[in-house]
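Worksheet: the structure to be examined is printed underneath.
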Amino acid sequence: MPDMIVDGRALHVAEGTTVAAALALAGDGTTRTSVAGQRRAPLCGMGICQECRVTINGRRRLACQTLCQNDMHVQTRP
Amino acid sequence: MNEYADLLIIGAGPAGMSAALAAAPSGARIVVLDDNPLSGGQIWRDGPQASLPKQARQLRERLHACANIRHHPGTRVIACPGHKQLLVEDADRGWLIDYDKLILCTGARELLLPFPGWTLPGVTGAGGLQALIKGGLPVQGERVVIAGSGPLLLASAATAKHNGAQVVRIAEQASLAAVAGFALQLPRWPGKLVQSLYLFDRQYRTDTHVVAALGSDRLEGVRLSQQGTIVELDCDRLACGFGLIPNVQLGQALGCEVTGSALAVDAWQATSLADHYAAGECTGFGGSELALVEGEIAGLAAVGETSAAEQLWPRRARWQGFARALNGAFRLDPKLKALAQADTLVCRCEDVPYAAIAGHRDWREAKLASRCGMGACQGRVCGGALQYLFDWQPSPPRPPFSPARIETFLCVDETPPA
Numbered sequence: 905m906p907d908m909i910v911d912g913r914a915l916h917v918a919e920g921t922t923v924a925a926a927l928a929l930a931g932d933g934t935t936r937t938s939v940a941g942q943r944r945a946p947l948c949g950m951g952i953c954q955e956c957r958v959t960i961n962g963r964r965r966l967a968c969q970t971l972c973q974n975d976m977h978v979q980t981r982p
Numbered sequence: 002m003n004e005y006a007d008l009l010i011i012g013a014g015p016a017g018m019s020a021a022l023a024a025a026p027s028g029a030r031i032v033v034l035d036d037n038p039l040s041g042g043q044i045w046r047d048g049p050q051a052s053l054p055k056q057a058r059q060l061r062e063r064l065h066a067c068a069n070i071r072h073h074p075g076t077r078v079i080a081c082p083g084h085k086q087l088l089v090e091d092a093d094r095g096w097l098i099d100y101d102k103l104i105l106c107t108g109a110r111e112l113l114l115p116f117p118g119w120t121l122p123g124v125t126g127a128g129g130l131q132a133l134i135k136g137g138l139p140v141q142g143e144r145v146v147i148a149g150s151g152p153l154l155l156a157s158a159a160t161a162k163h164n165g166a167q168v169v170r171i172a173e174q175a176s177l178a179a180v181a182g183f184a185l186q187l188p189r190w191p192g193k194l195v196q197s198l199y200l201f202d203r204q205y206r207t208d209t210h211v212v213a214a215l216g217s218d219r220l221e222g223v224r225l226s227q228q229g230t231i232v233e234l235d236c237d238r239l240a241c242g243f244g245l246i247p248n249v250q251l252g253q254a255l256g257c258e259v260t261g262s263a264l265a266v267d268a269w270q271a272t273s274l275a276d277h278y279a280a281g282e283c284t285g286f287g288g289s290e291l292a293l294v295e296g297e298i299a300g301l302a303a304v305g306e307t308s309a310a311e312q313l314w315p316r317r318a319r320w321q322g323f324a325r326a327l328n329g330a331f332r333l334d335p336k337l338k339a340l341a342q343a344d345t346l347v348c349r350c351e352d353v354p355y356a357a358i359a360g361h362r363d364w365r366e367a368k369l370a371s372r373c374g375m376g377a378c379q380g381r382v383c384g385g386a387l388q389y390l391f392d393w394q395p396s397p398p399r400p401p402f403s404p405a406r407i408e409t410f411l412c413v414d415e416t417p418p419a
């Protein structure tokens, strides 16, 4: 059962949960801010649209294709 | 560091798994890549809120039990730097894979069409919502509208309901006559008939399509055109997908011929490029049964087992019939081309509105003038939409096919600088 931090907030999720789902469990589910300043959330759910890109432990990853792991630090805002 | 495969398979969905298992008895060194964390593709996506069919679990167990099949999950193809060579990347590293034969099982993605409000958080694809729920997205008690076209709408609704959502409407753009005509053909494929009876929902409406997603910072409701009448429904989520489009980009970049919008293959599932095969949804939408048999034929053909492959042709023909019936019934109504307004964003990566794109002659001209299709998704979303809206053929992608780390590119040339 992974323990992680999402935008500064501690979270405990079920094994196999995606980071996209964890963001919805921890807050409003949004993942990034668009070029024009809109908040966006996962769209395609399958690694195509890149709307769900977030920073995980300093690296850019797709939230919908990344499974939660212990000690992950996820950031959705720069 | 680098790797060699007699047979490299891109995609571990039904087609890719079936291809690998068909080719495995030859003893070939097989490598299977997939950008998802687990095998199974979209249809058999596993997760804390998913229940996998027995067939999927068995295929997965068999795949992992084969000593000559190596599976790299969470791995994307970044470039094709040399002849029969791919540059790939996972969460930790990049590396090169040289191969003798390749099978593309890159699947399909949803056709997502722009409409006012579609960028609001709360709006997803139809299959997109299903995938997110399987991965643990909580929808308990939420009001969900599902819209677009095709049988995926019912499958997505079933997953949402199973996880506690209230599905307030399923809006199918096709006419009642088209859907009923398709349903009447289902007894030809009894398994599909049973599946459709199980999936039927009383909120299902034909001749109904989304007009706008409503809300300011987040989705609050949806405006639908329901059999000619405008209706508004309050909802927490809108899942909207207009069918599936084949993922042909990698095949195109390698030089495989594309017909219509799918990779062209012959009876052996061979593409126009020698030693390169393709199977499953990237050769045209047909469902998992067709993908399984196509994958098996491709896997056998790739290791020279042509007579065994030939025996599978009748089974493939049977499921190709189902695919034809399906694709005919859910043809998109041209009025969906008018959903986007002048200020509706079409390219979500670069925030390019419809007005900045319409009026150009082709995809290339629109890209150069507006930056549409030049963001992180590399036109996978707006390119598909614009192909439908204006009949623009997206150009073959150039590497990197996906955002990648600089260290990954350093794998291509290991010669130290002079």
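If you read the sequences in order, they're chains A and B. Sequential numbering of the first sequence, starting at 905, is according to this note's numbering. Sequential numbering of the second sequence, starting at 2, is according to this note's numbering. Quick reminder that beta carbons are idealized off the backbone N, C-alpha and C, glycines included.
- Contact check between the region 952 to 961 of chain A and the region 229 to 243 of chain B: fewer than three CB pairs, one atom from each, fall below 8 Å, which does not count as touching.
- Contact residues of the region 916 to 929 of chain A toward chain B are Val917, Ala918, Glu919, Gly920, Thr921, Thr922, Ala924, Ala925, Ala926, Ala928 and Leu929 (C-beta to C-beta distance below 8 Å).
- Within 10 angstroms of the beta-carbon of B/Glu408 lie fewer than 16 other beta-carbons, which makes it exposed.
- Short of 8 Å from the beta carbon of B/Gly142, and not among the five residues preceding or following it, lie these beta carbons of its own chain, in chain order: Gly165, Ala166 and Gln167.
- B/Trp364 carries a helical assignment under DSSP once its states are collapsed to helix, strand and coil.
- For the pair B/Gly12 and B/Asp36, the Cα-to-Cα distance works out to about 8 Å.
- Across the region 382 to 404 of chain B, CB contacts with chain A closer than 8 Å involve Val382 and Pro404, in sequence order along the chain.
- Shown here, B/Pro15 sits in a helix according to DSSP, grouped into three states.
- The beta carbon of B/Phe201 is closer than 6 Å to none in its chain, skipping five residues each way along the sequence.
- According to DSSP, B/His84 shares a beta bridge with no other residue.
- The alpha helix (DSSP H) runs of length 4 or more contained entirely in the region 148 to 214 of chain B are, from start to end of the chain, 153 to 163, 177 to 186 and 191 to 200.
- Using a Cβ-Cβ cut-off of 8 Å, B/Ala132 counts as an interface residue toward chain A, since at least one Cβ of chain A sits closer than that to its own.
- By the Cβ neighbour-count rule, B/Pro54 is exposed, with fewer than 16 other Cβ atoms within 10 Å of its own.
- Shortest Cα-Cα distance from B/Pro15 to any of B/Gln342, B/Glu282 and B/Leu103 involves B/Glu282.
- Nearest in C-alpha terms to A/Ser938, of all of B/Leu121, B/Leu60 and B/Asp47, is B/Leu121.
- For B/Val223, the three-state secondary structure derived from DSSP is strand.
- Taking a 10 Å sphere around the C-beta of B/Tyr199, we find fewer than 16 other C-beta atoms and assign the residue as exposed.
- Taking a C-beta distance under 8 Å as the contact criterion, B/Gly108 and B/Gln43 qualify as a contact pair.
- For B/Arg110, the enclosing beta strand (DSSP E) starts and ends at Ala109 to Glu111.
- Its Cα nearest to that of B/Gln227, the residue B/Ala148 stands out among B/Ala148, B/Leu194, B/Cys67 and B/Gly380.
- Close CB contacts of A/Arg943 within its chain, under the 7 Å cut and outside five residues either way in sequence, are with Thr934 and Thr937 (chain order).
- Residue pairing from DSSP places B/Thr230 in a beta bridge opposite B/Gln227.
- In this structure, DSSP gives B/Arg30 a state outside helix and strand, which the three-state scheme calls coil.
- Taking CB atoms only, B/Cys378 has a neighbour in chain A less than 8 Å away.
- The beta-bridge partner set that DSSP reports for B/Glu90 consists of B/Arg77 and B/Gly95.
- Considering only beta carbons, the part of the region 47 to 72 of chain B lying closer than 9 Å to chain A consists of Asp47, Gly48, Pro49, Gln50 and Ala51, in chain order.
- In chain order, Glu173, Gln174, Ala175, Phe243, Gly244, Phe331 and Leu333 place their CB closer than 7 Å to the CB of B/Ser150, counting only its own chain and leaving out the 5 sequence neighbours on each side.
- Here the alpha carbons of B/Thr125 and A/Leu947 stand approximately 4 Å from one another.
- Contact of B/Ala92 with chain A is assigned, a C-beta pair being separated by under 8 Å.
- Chain B places no beta carbon closer than 8 Å to that of A/Ala914, leaving this residue out of the contacts.
- The beta-carbon of A/Met908 is placed no less than 8 Å from the nearest beta-carbon of chain B.
- With a cut-off of 8 Å on Cβ pairs, the region 964 to 982 of chain A is not in contact with the region 266 to 274 of chain B, counting fewer than three such pairs.
- Cα atoms of B/Glu233 and B/Ala214: separation of roughly 10 Å, rounded to the nearest angstrom.
- Per DSSP, B/Val347 is one residue of the beta strand (DSSP E) stretching across Leu346 to Cys348.
- Your pair B/Arg46 and B/Ala161 does not check out as a contact, with CB atoms roughly 14 Å apart and the cut at 8 Å.
- Separation of A/Glu919 and B/Gly48 (C-alpha to C-alpha, rounded to the nearest whole angstrom) is 8 Å.
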